[in-house]
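Numbering (the working numbering), first residue to last: 16 to 337.
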């Protein structure tokens with residue numbers, strides 16, 4: 016009996032230490048993920064084949080641009096064609112220039128309205144935010160529903176996808192589904208995809224734009240971590256499939272959302288991971304993409320992305336209307 020009591024006393028401090036470590040990981044992970052080169056020549060756009068319709072309804076744009084904002088940069092009830100939920104949302108620096116340059120009949124620019132939140136699971140009192148899992152799921156559902164809607168009504172429309180942070184995870188996941196033949200639109204209809212600060216960046220899939228950067232996305236580095244409302248999904252199995260050469264990855268060194276050191280941020284090395292995650296709190300690099308330069312000409316991330324999208328739109332075929 017006495018020996019049993021001693022064993023329990025020895026185990027209690029160890030159990031408390033494990034609880035404290037898990038709590039620190041949750042807090043640091045929340046701070047991290049809440050976040051708060053020359054252009055390659057695209058493949059020729061798909062022209063209507065002899066067995067395809069040669070025209071589509073007059074309200075169909077030639078190109079549909081789908082933009083998916085990051086955490087706290089959108090809202091479920093936002094206007095997808097004139098978003099105002101966050102006036103400093105990064106992707107406004109991409110979507111607004113495109114809307115100014117192209118008539119809606121040439122390019123429809125749709126910004127996915129979704130909750131775009133990331134709740135701290137141990138906040139006391141609760142912060143009232145939606146969990147990362149719920150937010151990510153909602154964003155993906157809204158984006159895929161819009162792609163399916165357009166594809167059904169406008170069978171000849173081509174697509175450009177852009178995502179930032181949580182939105183890059185969503186856009187990248189959709190691109191992976193499309194590239195494997197399981198997406199809401201055909202892979203040949205996708206002109207290109209650009210992911211800015213993708214949390215599932217694996218360092219090998221897609222085309223890197225900008226200075227070389229080591230590391231992988233936080234969801235890859237912590238793949239397998241499954242906490243209430245926060246599931247780290249690991250790398251995308253199969254990458255982007257047939258879309259691999261059309262998917263651009265932009266990631267700044269020091270942004271642990273997309274460039275976490277795979278040997279340091281790991282479930283196998285909890286103490287070191289805690290230190291790395293804690294150092295990422297209030298990550299200023301993640302908020303710098305409007306000024307982060309990606310080429311020798313001084314082009315910023317958002318300038319490059321807007322120019323890349325404009326080039327794809329300009330070279331896309333003009334679709335006839337009955």
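All C-beta atoms, glycine included, are put in the ideal place defined by N, C-alpha and C.
Practice problem: Hey, could you find the ends of the beta strand (DSSP E) residue 74 is sitting in? | Solution: Unbroken run through residue 74: none, as it is neither H nor E.
Quiz item: When the Cα of residue 129 is compared with those of 122, 151, 238, which residue comes out closest?
Solution: 151
Quiz item: Per DSSP, residue 264 is paired with what?
Solution: 210, 223
Self-check item: In DSSP terms, what residue 241 is bridged to
Solution: 246
Quiz item: residue 79 bridges to which residues according to DSSP?
Solution: 123, 174
Practice problem: Name, in chain order, the residues that DSSP records as bridge partners for residue 179. | Solution: 211
Quiz item: Is there contact between the region 78-91 and the region 170-189, where contact requires at least three CB pairs shorter than 8 Å?
Solution: yes
Practice problem: Please classify residue 321: does DSSP put it in a helix, a strand, or coil? | Solution: helix
Quiz item: If you drop the 5 nearest sequence neighbours on each side, which residues of the same chain put their C-beta closer than 6 Å to that of residue 166?
Solution: 200
Self-check item: For residue 208 and residue 56, the rounded distance between their alpha carbons
Solution: Residue placement at residue 56 is flagged as unreliable, the pLDDT there being 41, under the threshold of 50; the coordinate-derived value follows with that caveat. Distance between the alpha carbons of residue 56 and residue 208 is about 13 Å.
Quiz item: Span of the alpha helix (DSSP H) holding residue 336?
Solution: Unbroken run through residue 336: none, as it is neither H nor E.
Quiz item: Can you round the beta-carbon distance between residue 78 and residue 258 to whole angstroms, since I take them to be within the 8 Å contact cut?
Solution: That pair is no contact at about 16 Å.
Quiz prompt | Proximity of residue 252 and residue 216 at Cβ, strictly below 8 Å | solution = no
Quiz item: Where does residue 315 fall in DSSP's three states?
Solution: strand
Quiz prompt | Alpha-carbon spacing of residue 298 relative to residue 192, whole angstroms | solution = 30 Å
Practice problem: Could you say which of 273, 160, 71, 276 lies nearest to residue 170 if we only look at CA atoms? | Solution: 71
Exercise. Locate the alpha helix (DSSP H) running through residue 147, then write down its first and last residues.
Key: 147-168
Quiz item: Rounded to a whole number of angstroms, what is the C-alpha to C-alpha distance between residue 147 and residue 254?
Solution: 22 Å
Self-check item: Candidates 231, 310, 309: closest to residue 271 by CA position
Solution: 231
Self-check item: Contact check, residue 154 vs residue 185, beta carbons under 8 Å
Solution: yes
Quiz prompt | Residue from 318, 245, 239, 175 whose Cα sits closest to the Cα of residue 329 | solution = 175
Quiz item: What is the DSSP secondary structure of residue 300, counted as helix, strand or coil?
Solution: helix
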